[in-house]
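Numbering (our numbering), first residue to last: -15 to 459.
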């Protein structure tokens, strides 16, 4: 064994050791039939915290839903040069939520956990909406002016820093904030690889185009956007509503076409979610774990990604941005992820049994719409992936600035690194690139949650202030 092989093996052993701590079975609960339910550290953090924040906000996702919709149609000119509006911040965060996780993530969840995983994705989303409100509001409360791009910046690295470092301190970095920022950059490199891998796979299936050619085009187009100063938000403003509306419209068509099958699909989701058959077969843990894992990867609630966009918003009240981010979780999982699930579950099981990844989704779509369905999925995946990639590089701005200061060199170098990872992902193995993204998002969640609980009273106070203003008709 060469020294490089030895280093590589040691790295992979360390990588999967950390991965197992985050996503492996930390607690095992025995179930009837000799099977067991394994609960990972992330599930043990996210579900109880979602319940806690839902209770503390007095069931905000339900009682404030009309207000969330109302805020989206408000028109407000930004007062700070280079700043973005609250709705634009929602669009940026939605670009990454309504992206890879909605296609590839849902496919992975159903492939590994069956139809029941969809139910647990819904639960994670409903609970996660309250968590998204807390972190989105905190991002607004702790944002700073951005001297490079204009407008504002912030996110978990900044509110974690403010939690642990006094204002009069000369220390420029908090250890936990640094770890969060590094985890975010690792996560987004992993997601970049997932994007390249999934797009090249989809185009190879649909058009028999070699992965190398697809990846080169994807990287070139992405580079044109992300290496320009402020092109990201302008592109996403146009791209995200169009691609989400197209995907939703196609799904409605598929559902109407298969309307008699819809009740049986919901029966399958709920019966497998509670695992009577899966518990006996020893697969109940996989149902919950894959639903929770892919649900987090999709809607990002609690991970600290979306607050990086929320902090950039120039909005009249911090709680408004929190409400918009809570709505983003609903749009992502309850609406768009359900679309992907319906497309797959309405296809005959004999066609999809044994298939995983994009093969599963494209086979299902081909059943519904013929070869056009395969082409449509390849095209929509390209759009979703493209929006995800430029969205995560918008997130990365604040983390890079926190770690390396305000300079164009570090900003540009990270963008180039992400583009390289995007290219490598087009040729990479499917499993490892998902694991790299899962590792990053898992570490982000742990470090974000360390700050979220002690800082949550600030967000709750902001919500009470906003509701008081609403009662006085002065939001």
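A virtual CB, placed ideally from N, CA and C, is assigned to each residue, including glycine. Computed from a predicted model, the values in this text were never measured in an experiment.
Task: Exposed unless 16 or more other CB atoms sit within 10 angstroms - verdict on residue 305 - done: If you number the chain shown from 1, residue 305 lands on position 321. Buried, because 16 or more other Cβ atoms sit within 10 Å of the Cβ of residue 305.
Task: Expected contact under 8 Å - CB spacing of residue 112 and residue 303 to nearest Å - done: Working through the chain shown from its first residue, we reach residue 112 at position 128. Working through the chain shown from its first residue, we reach residue 303 at position 319. At roughly 17 Å, the Cβ-Cβ gap does not stay under 8 Å, so residue 112 and residue 303 are not in contact.
- [ ] Measure the Cβ-Cβ separation of residue 289 and residue 379 and say whether it is below 7 Å.
- [x] Position 305 of the chain shown, counted from the start, is the residue given in the question as residue 289. Position 395 of the chain shown, counted from the start, is the residue given in the question as residue 379. Cβ atoms of residue 289 and residue 379: closer than 7 Å.
Task: Residue range of the unbroken alpha helix (DSSP H) whose run includes residue 398 - done: In the chain shown, counting from the first residue as 1, residue 398 sits at position 414. Start and end: 392 to 409.
- [ ] For the alpha helix (DSSP H) holding residue 245, just list the boundary residues, first then last.
- [x] Residue mapping note: residue 245 aligns to position 261 of the chain shown, counting from 1. From DSSP, residue 245 is part of no alpha helix (DSSP H); its letter is neither H nor E.
Open item on the list: Less than 7 Å between the C-beta atoms of residue 220 and residue 384, yes or no?
Closed with: Taking the chain shown and counting its residues from 1, the one referred to as residue 220 is at position 236. Taking the chain shown and counting its residues from 1, the one referred to as residue 384 is at position 400. Cβ atoms of residue 220 and residue 384: not closer than 7 Å.
Open item on the list: Here's a check: name, in chain order, each residue in its chain whose Cβ is nearer than 8 Å to the Cβ of residue 454, leaving out the five neighbours to either side.
Closed with: One-based indexing of the chain shown puts residue 454 at position 470. These residues qualify, in order along the chain: 51.
Open item on the list: Using DSSP's beta-bridge definition, name the partner residues of residue 128.
Closed with: Position 144 of the chain shown, counted from the start, is the residue given in the question as residue 128. DSSP, once it has assigned bridges, lists 137 as partnering residue 128.
Open item on the list: Three Cβ pairs or more, each shorter than 8 Å: is that satisfied between the stretch 144 to 154 and the stretch 170 to 184?
Closed with: no
Open item on the list: Do residue 144 and residue 435 count as a contact pair if the criterion is CB distance below 7 Å?
Closed with: As a first step, residue 435 must be located in the chain shown, where it is residue number 451. As a first step, residue 144 must be located in the chain shown, where it is residue number 160. In this structure, residue 144 lies closer than 7 Å to residue 435 by Cβ.
Open item on the list: Does the contact criterion of 3 or more C-beta pairs under 8 Å hold for the stretch 431 to 448 versus the stretch 37 to 56?
Closed with: yes
Task: Supposed close pair residue 327, residue 297 - CB separation, criterion 8 Å - done: Walking along the chain shown from the start, residue 327 turns up at place 343. Walking along the chain shown from the start, residue 297 turns up at place 313. Residue 327 to residue 297, Cβ: 33 Å. No contact.
Open item on the list: Less than 7 Å between the beta carbons of residue 426 and residue 74, yes or no?
Closed with: Taking the chain shown and counting its residues from 1, one reaches residue 426 at position 442. Taking the chain shown and counting its residues from 1, one reaches residue 74 at position 90. Cβ atoms of residue 426 and residue 74: not closer than 7 Å.
- [ ] Count the other C-beta atoms from every protein chain shown that fall within 10 angstroms of the C-beta of residue 291, then say buried if there are 16 or more, exposed otherwise.
- [x] Numbered from its first residue, the chain shown carries residue 291 at position 307. Under this definition residue 291 is a buried residue.
Open item on the list: Among the candidates 49, 1, -2, whose CA atom is the shortest distance from the CA of residue 315?
Closed with: The residue you call residue 315 lines up with position 331 of the chain shown. That would be 49, whose Cα lies nearest to the Cα of residue 315.
Task: residue 195, enclosing alpha helix (DSSP H) - first and last residue - done: Residue mapping note: residue 195 aligns to position 211 of the chain shown, counting from 1. Start and end: 195 to 210.
TODO: For residue 447, collect the residues of the same chain with a Cβ closer than 8 Å to its Cβ; drop the 5 residues on either side in sequence, then sort them by chain order.
DONE: Position 463 of the chain shown, counted from the start, is the residue given in the question as residue 447. Taken in chain order, the residues that qualify are 41, 44, 117, 121, 303, 306.
Open item on the list: Would the stretch 131 to 140 count as touching the stretch 362 to 372 if we require 3 or more Cβ pairs under 8 Å?
Closed with: no
Open item on the list: Using a 10 Å radius around the Cβ and a threshold of 16 neighbouring Cβ atoms, would you call residue 154 buried or exposed?
Closed with: Looking up residue 154 in the chain shown gives position 170. By the neighbour-count rule (16 or more Cβ atoms within 10 Å), residue 154 is not buried but exposed.
TODO: Flag this pair as yes or no: are the beta carbons of residue 101 and residue 108 separated by less than 7 Å?
DONE: Position 117 of the chain shown holds residue 101. Position 124 of the chain shown holds residue 108. No, these two residues do not count as a Cβ contact at 7 Å.
Open item on the list: Do residue 421 and residue 175 count as a contact pair if the criterion is CB distance below 7 Å?
Closed with: Taking the chain shown and counting its residues from 1, one reaches residue 175 at position 191. Taking the chain shown and counting its residues from 1, one reaches residue 421 at position 437. Their beta carbons are under 7 Å apart, which means residue 175 touches residue 421 by this criterion.
Open item on the list: Could you compute how far the alpha carbon of residue 103 sits from the alpha carbon of residue 407?
Closed with: As a first step, residue 103 is located in the chain shown; it is residue number 119 there, counting from the start. As a first step, residue 407 is located in the chain shown; it is residue number 423 there, counting from the start. One C-alpha to the other measures close to 34 Å.
Open item on the list: Is it the case that the stretch 200 to 207 contacts the stretch 384 to 397, given that we only count it when at least three CB pairs across the two stretches are under 8 Å?
Closed with: no
Task: Beta-bridge pairing of residue 23 - partner residues as DSSP gives them - done: Position 39 of the chain shown, counted from the start, is the residue given in the question as residue 23. Beta-bridge pairing links residue 23 to 11.
TODO: State buried or exposed for residue 456, treating a residue as buried only when at least 16 other CB atoms are found within 10 Å of its CB.
DONE: Locating residue 456 in the chain shown gives position 472, counting from the first residue. Exposed, by the Cβ-count rule.
Open item on the list: Less than 7 Å between the C-beta atoms of residue 137 and residue 382, yes or no?
Closed with: As a working note, residue 137 is residue 153 in the chain shown. As a working note, residue 382 is residue 398 in the chain shown. Result yes, Cβ atoms of residue 137 and residue 382 sit closer than 7 Å.
Task: Spatial neighbours of residue 287 in its chain, beta-carbon cut-off 7 Å, leaving aside the 5 residues before and after - done: Counted from its first residue, the chain shown places residue 287 at position 303. Here the set comprises 280, 425, 428, 429, 432.
- [ ] Out of 28, 372, -7, 367, state which residue places its alpha-carbon closest to the alpha-carbon of residue 226.
- [x] Along the chain shown, one-based indexing puts residue 226 at 242. Taking only the C-alpha atoms, the option nearest residue 226 is 367.
Task: residue 354 versus 371, 158, 331, 376, residue with shortest Cα-Cα distance - done: The residue labelled residue 354 in the question sits at position 370 within the chain shown. Nearest of 371, 158, 331, 376 to residue 354, Cα basis: 331.
Open item on the list: At the level of alpha carbons, what is the spacing between residue 8 and residue 300?
Closed with: Within the chain shown, the letter at position 24 stands for residue 8. Within the chain shown, the letter at position 316 stands for residue 300. Straight-line Cα distance between these residues: approximately 42 Å.
Open item on the list: I'd like the span of the alpha helix (DSSP H) that includes residue 54, first residue to last.
Closed with: Mapped onto the chain shown, residue 54 falls at position 70. Residues 49 to 56.
- [ ] Locate the alpha helix (DSSP H) running through residue 381, then write down its first and last residues.
- [x] If you number the chain shown from 1, residue 381 lands on position 397. Here the alpha helix (DSSP H) through residue 381 covers 355 to 388.
TODO: Buried or exposed for residue 57, please, with buried defined as at least 16 other CB atoms from any protein chain shown within 10 angstroms of its CB.
DONE: The residue you call residue 57 lines up with position 73 of the chain shown. Exposed, because fewer than 16 other Cβ atoms sit within 10 Å of the Cβ of residue 57.
- [ ] Give the straight-line distance between the Cα atoms of residue 200 and residue 396, rounded to the nearest whole angstrom.
- [x] Here residue 200 corresponds to residue number 216 of the chain shown, with the count starting at 1. Here residue 396 corresponds to residue number 412 of the chain shown, with the count starting at 1. Cα-Cα distance, rounded: 19 Å.
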